[in-house]
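Numbering (the working numbering), first residue to last: 4 to 119. No residue lacks a Cβ here, since even glycine has one placed at the ideal position from N, Cα and C. In this text the structure is predicted, and so the values were computed from the model without any measurement. Each remark here refers to the structure printed beneath this line.
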């Protein structure tokens, strides 16, 4: 192998490793979802009488997880972050924008805010 081939091979290897490191970190930042804050037990339709916010808060207080309803799809929201949980409580029954990574209909929450 000559010197030029070795340099080219090394350059290709370095490029492959760089792309391999950059792409997963970009994907880890997640995707943005906008929908209505609900809970995992009720999903789209709330079972308790009254408004959606009250039902969501009651179900979450009994152990249900927050969920985000986007069109007709229900995503379970996974977070232990106090600020995110406080925002979800405030937005119960209302629109919110959640950023996170989704797998198997569960979003691991990076951030949450009231939808614009």
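Report yes if the C-beta distance between residue i and residue j is below 8 Å; otherwise report no.
i: residue 118; j: residue 99; result: yes
i: residue 95; j: residue 56; result: yes
i: residue 42; j: residue 63; result: yes
i: residue 68; j: residue 79; result: yes
i: residue 114; j: residue 102; result: yes
i: residue 59; j: residue 40; result: yes
Taking residue i as the reference, which of the options has the closest Cα?
i: residue 112; options: 43, 81 and 96; result: 81
i: residue 97; options: 47, 13 and 85; result: 47
i: residue 37; options: 75, 89 and 106; result: 75
Looking at the structure shown, is residue i part of a helix, part of a strand, or coil, going by DSSP?
i: residue 65; result: coil
i: residue 81; result: strand
i: residue 53; result: coil
i: residue 48; result: coil
Who does residue i pair with in a DSSP beta bridge?
i: residue 36; result: 101
i: residue 71; result: 40 and 78
i: residue 114; result: 102
i: residue 109; result: 79 and 106
i: residue 95; result: 40
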